[in-house]
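**Student:**
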Amino acid sequence: MRLTLAKFGLDATFLSWIDAIYDNPTGRVRVNGALTDSFQVRNGTRQGCPLSPLLFALTLEPLLSSIRLNPLITGIRGYSLHHKVSAYADDLLFMLTDPAVSLQEVVSELDTYGALSGFKINMNKSEILNISLRGTDTAALKHRFPFRWCAEKLCYLGIWLHADVSRITSLNFLPILSVIRQDMRDWSSKYISWLDRVGVLKMNVLPCLLYLVQTIPLQVPRGWLAEVRKLFLNFVWAGKRARLRFTTMFKPISSGGLALPDLGSYLYVNHLTRLLDWMDQGSTRRWLDLEWALAECPLWALPCLLQRHVPLSSRRAPAVGCTLRYWLRARPLFALSPSSPLLPLSHNPALLSVVSALVRLRFTTSSCLRAHHLFADGQWIPLAGGQETPAPTFAESFNYAQLRSFLCSLPYKSGLLRQLTQFEKYCVLGNSLTRSLSTLYSMLQTFSADLPSFVGWWDDMLGDNLPEKHWAKTFYFVASRSPVSRFRESSYKLISLWYTFPVQTVRFCISATDICWRCNLVRGTYLHMWWSCSRIRPFWEAIRKLACHLTGLDLVLDPRLFLLGQTDLPYKSFKWSILPRLFLAARSVPPLFWKSNLASPLREVLLRMELIRSAEQLLYPKDRWDEIFLRIWFYWSEFVSSSKCTEWLQEVHDAG
Ligand SMILES: [Zn+2]
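Numbering (UniProt numbering), first residue to last: 1 to 656.
1. Which residues share a DSSP beta bridge with T97?
2. Look at the Cβ atom of A293, then the Cβ atom of L218, and state whether they are nearer than 9 Å.
3. Grab me the residues of L72's own chain with a C-beta within less than 6 Å of its C-beta, minus the 5 sequence neighbours each way, in chain order.
4. Give the DSSP-derived three-state secondary structure of R622 in the structure shown.
5. Does at least one heavy atom of ligand 1 sit under 8 Å from the Cβ of L598?
6. Are the Cβ atoms of R587 and S490 separated by less than 9 Å?
7. What are the boundary residues of the beta strand (DSSP E) that includes I159?
8. Relative to ligand 1, is the shortest distance from any of its heavy atoms to the C-beta of H528 smaller than 8 Å?
9. In terms of residue numbering, what span does the beta strand (DSSP E) encompassing K153 cover?
10. Buried or exposed: which applies to M203, given that a residue is buried once 16 or more other Cβ atoms fall within 10 Å of its Cβ?
11. Indicate, with yes or no, if ligand 1 has a heavy atom lying under 8 Å from the CB of S637.
12. Here's a check: name, in chain order, each residue in its chain whose Cβ is nearer than 6 Å to the Cβ of T248, leaving out the five neighbours to either side.
13. Please work out which residues of its chain come closer than 6 Å, Cβ to Cβ, to A449, disregarding the five sequence neighbours upstream and downstream, and give them in chain order.
14. Cβ of L521 versus every heavy atom of ligand 1: is any distance shorter than 8 Å?
15. Between L546 and I515, what straight-line distance do the alpha-carbon atoms span, to the nearest angstrom?
16. Is there contact here, the segment 614–631 with the segment 555–575, by at least three beta-carbon pairs under 8 Å?
17. Within 10 Å of its beta-carbon, does D186 have 16 or more other beta-carbons around it, so buried, or fewer, so exposed?
18. Consult DSSP for Q40 and reduce its assignment to one of helix, strand or coil.
19. Using a 10 Å radius around the Cβ and a threshold of 16 neighbouring Cβ atoms, would you call M184 buried or exposed?
20. Mind reading off the beta-carbon distance from L275 to V220? Whole number of angstroms is fine, and I expect it under 8 Å.
21. Can you name the residues that DSSP bridges to H83?
22. Using DSSP's beta-bridge definition, name the partner residues of E127.
23. Alpha carbons only, please: which of S313, M95, N172 is nearest the one belonging to T74?
24. Which residue comes first and which comes last in the alpha helix (DSSP H) that contains residue 657?
25. Quick check: does the Cβ of C509 come within less than 8 Å of any heavy atom belonging to ligand 1?
26. Find the nearest neighbour of Q40 within the set A34, G33, Y22, G48, judged by alpha-carbon distance.
27. Would you grab the beta carbon distance between E296 and P311 for me? Rounded to a whole angstrom, and I think it's under 8 Å.
28. Just curious, the alpha helix (DSSP H) that D262 is in, first and last residue?
29. Can you check whether the CB of L345 is closer than 9 Å to the CB of L369?
30. Enumerated in chain order, which unbroken segments of the alpha helix (DSSP H) with a length of 4 residues or greater are wholly contained in the segment 429–505?
31. Identify whether W237 lies in helix, strand or coil by the three-state DSSP scheme.
32. Using three-state DSSP, classify Y88 as helix, strand or coil.
33. With H, G and I counted as helix, E and B as strand and the rest as coil, what does DSSP make of V556?
34. Within the present structure, is the beta-carbon of R535 separated from the nearest heavy atom of ligand 1 by less than 8 Å?
35. Given a threshold of 16 other Cβ atoms within 10 Å of its Cβ, counted over all protein chains shown, does Y526 qualify as buried or as exposed?
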């Protein structure tokens, strides 16, 4: 290990630290609570040490590089690389051709490495999957090598591989459904609020699915996506009737949705991130080299070519073809159409002449010259060199004229001059996009950022057209202003018209009446039940009085403020005030007395406020809490301990 690390250029100080850790290490084993005597550990890395995986990977490197350099071991030829072995910690995957020779060499490499390092191969855990050998050859090899020969499939890092590519998706995507089903059953038995169920899906289920989707960029089996969606919705609604449209549930929280992960969009996003990888010419990802070889065309040229110019081999290569098909469907959204400024000039079969390297280098250092390289501010960039660059030769000028005449001949040439879209900018940047999956997912979400349908209902009820930026505030304060999720939940239910009301029940139950079941006087509309009913009015008046007392502001008793949290107060001062907390607490009380004619008591609001306060106190670190307490909770605390509080409670009680 020491020699390897030194070879990698780690300096003497660092090596002496490693020596200190690994000089005479000992171990003890705990059996039923009792520790054994200590014994010496002679090989392996220290368990649980964060350095261990790195040390292991580095010490395995001599084996891997010896295999890569061994000319007798033949693997799969990519476009420019030779692929023989993949390693993830101690999980090794060899891709061998000519197994009679290669396999023998691999075994002897492993033996040599084992003898030097003490690394042992577990033959029983080593498996071979035959992709293309004929029966007689296989029989001879099986006799020679004592590995486990897999009948038809092999599992590497949790993914089933099969000699027939078309079977890989069904082998992996179908079993995951029963895994998710079981997982959801396990979670269902616990009490989880409706909003937190969305959280469970995001934290627990989504990563498993994304791992599969990202590792196997092939067409998912028919019906699979619909099944996943059904499972998600069933889980969120706990098997009951859905109360929201699923398009609303998939929307981001800032647009009034629940941010339920939409796997359909993730499939698109996954292929778009692959596209960005294709565009990144400096990438060292080895799969790009294999895909390039299969596609028989540079991958970065493919997305912007006219459909009829995409080589047949590219369309037929399983993963490449699948990404291209997804791309074709997603393209209208991202405006990266054939009229894109990213139209490649290098490797474009429609362009009969070849782009000269000298001309290309005058416009870009990238290995691909694209249409947008030739324009600046909608004008052609002349080829004639500036002061530092030499004047163009005749051949260069001729080549440049060819390119210009080709671009001018295109029927959609005006599109070439437009500004780059956001996605096109990412493409030009190559792969410098961090967290590309979530960035692109949010980008895709902005295309469905229109407000949910319940917003229109509120406009009708209030006889007002509430501006979009006010709704953004509503959603923000519902989603993020309390650590207690059930209060967020009841506010969300309020704004999404969750609760049934008399005027609505009349529509599906003839014997019902549309008169308010509390006051028995007026038609029970949603707004009446929440706001104007004489049985609930004193409650909101008390909340207003309390809010004015706590903040010193003169607040108007308006459902837009108290029910929806829409206010002209500056964002920040509203956020750091007691108001959003008080409203969240208050809104969660009327549903408790929804069908009863008892008035909602103020006492319940006080109890809820205390819950929010203690949750916030737990959430923030001690030093931060002092500041938050002074800004937000000071006057509240003072009020609760004053005689005024008891007085008011009594007043509201009497009024009710
Ligand atoms: Zn009423």
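Idealized CB from N, CA, C, for every residue including glycine.
**Tutor:** By the coordinates alone:
1. Translated into the one-based positions of the sequence shown, residue 97 becomes position 97. Under DSSP, T97 forms a beta bridge with T74.
2. If you number the sequence shown from 1, residue 293 lands on position 293. If you number the sequence shown from 1, residue 218 lands on position 218. In this structure, L218 does not lie closer than 9 Å to A293 by Cβ.
3. The residue you call residue 72 lines up with position 72 of the sequence shown. Excluding its 5 nearest sequence neighbours in each direction, L72 has C-beta neighbours in its own chain below 6 Å: V101, E105, listed in chain order.
4. As a working note, residue 622 is residue 622 in the sequence shown. In the sequence as presented, Arg is not what sits at residue 622; that position holds Lys. K622 falls in the helix class under three-state DSSP.
5. To locate residue 598, count along the sequence shown from 1; it is residue 598. Answer for L598: no, Cβ out of range of ligand 1.
6. Locating residue 587 in the sequence shown gives position 587, where the first residue counts as 1. Locating residue 490 in the sequence shown gives position 490, where the first residue counts as 1. It is a contact, given that the beta carbons lie within the stated cut-off.
7. In the sequence shown, residue 159 corresponds to position 159, counting from 1. Counting along the chain, I159 sits inside the beta strand (DSSP E) bounded by residues 159–162.
8. Indexing the sequence shown from 1 puts residue 528 at position 528. Using a cutoff of 8 Å, the CB of H528 counts as near ligand 1, since one of the ligand's heavy atoms is closer than that.
9. Here residue 153 refers to the residue found at position 153 of the sequence shown. First-last of the beta strand (DSSP E) with K153: 153–156.
10. The count along the sequence shown starts at 1 and reaches residue 203 at position 203. So M203 counts as exposed.
11. As a working note, residue 637 is residue 637 in the sequence shown. S637 has its CB no nearer than 8 Å to any heavy atom of ligand 1.
12. Against the sequence shown, residue 248 aligns to sequence position 248. Listed in chain order, the non-local C-beta contacts of T248 below 6 Å within the same chain comprise G257, P452, local neighbours out to five positions each way being set aside.
13. The sequence position of residue 449 within the sequence shown is 449, counting from 1. So the qualifying residues of the chain are S255.
14. To locate residue 521, count along the sequence shown from 1; it is residue 521. At least one heavy atom of ligand 1 is nearer than 8 Å to the Cβ of L521, so yes.
15. Along the sequence shown, read from residue 1 onward, the residue named residue 546 stands at position 546. Along the sequence shown, read from residue 1 onward, the residue named residue 515 stands at position 515. Distance between the alpha carbons of L546 and I515 is about 31 Å.
16. They do not touch, by the three-pair rule.
17. Working through the sequence shown from its first residue, we reach residue 186 at position 186. The residue in question, D186, is exposed, as its Cβ has fewer than 16 Cβ neighbours within 10 Å.
18. Translated into the one-based positions of the sequence shown, residue 40 becomes position 40. Looking at Q40 - three-state DSSP - the assignment turns out to be strand.
19. As a position in the sequence shown, residue 184 is number 184, starting the count at 1. M184 should be labelled buried.
20. Taking the sequence shown and counting its residues from 1, the one referred to as residue 275 is at position 275. Taking the sequence shown and counting its residues from 1, the one referred to as residue 220 is at position 220. Not confirmed; about 18 Å, so no contact.
21. Start at 1 with the first residue of the sequence shown, and residue 83 comes out as number 83. H83 has I76 as its beta-bridge partners, per DSSP.
22. Numbered from its first residue, the sequence shown carries residue 127 at position 127. In DSSP, E127 forms a bridge with R148.
23. The sequence position of residue 74 within the sequence shown is 74, counting from 1. In this structure, M95 is the residue among S313, M95, N172 with its C-alpha nearest to the C-alpha of T74.
24. This structure gives no information on residue 657, because the portion of the chain shown stretches from 1 to 656.
25. As a working mapping, residue 509 is identified with position 509 in the sequence shown. Not a single heavy atom of ligand 1 lies less than 8 Å from the C-beta of C509.
26. Residue mapping note: residue 40 aligns to position 40 of the sequence shown, counting from 1. Closest option to Q40, Cα to Cα, is Y22.
27. Working through the sequence shown from its first residue, we reach residue 296 at position 296. Working through the sequence shown from its first residue, we reach residue 311 at position 311. Sure, about 6 Å apart at Cβ, within 8 Å.
28. For the purposes of this step, residue 262 is taken as residue 262 along the sequence shown, with counting starting at 1. Counting along the chain, D262 falls outside any alpha helix (DSSP H), and DSSP gives it neither H nor E.
29. By one-based count along the sequence shown, residue 369 stands at place 369. By one-based count along the sequence shown, residue 345 stands at place 345. It is a contact, given that the beta carbons lie within the stated cut-off.
30. The segment 429–505 is shown to contain whole alpha helix (DSSP H) runs of 4 or more residues at 436–445, 454–462, 468–480, 485–495, in chain order.
31. Working through the sequence shown from its first residue, we reach residue 237 at position 237. Collapsing the DSSP output to three states places W237 in coil.
32. In the sequence shown, the residue the question calls residue 88 occupies position 88. Here Y88 sits in strand by DSSP.
33. By 1-based counting over the sequence shown, the position of residue 556 is 556. Three-state DSSP puts V556 in coil, outside helix and strand.
34. Locating residue 535 in the sequence shown gives position 535, counting from the first residue. Yes - ligand 1 has a heavy atom lying nearer than 8 Å to the Cβ of R535.
35. Taking the first residue of the sequence shown as 1, we reach residue 526 at position 526. By the 10 Å Cβ count, Y526 comes out buried.
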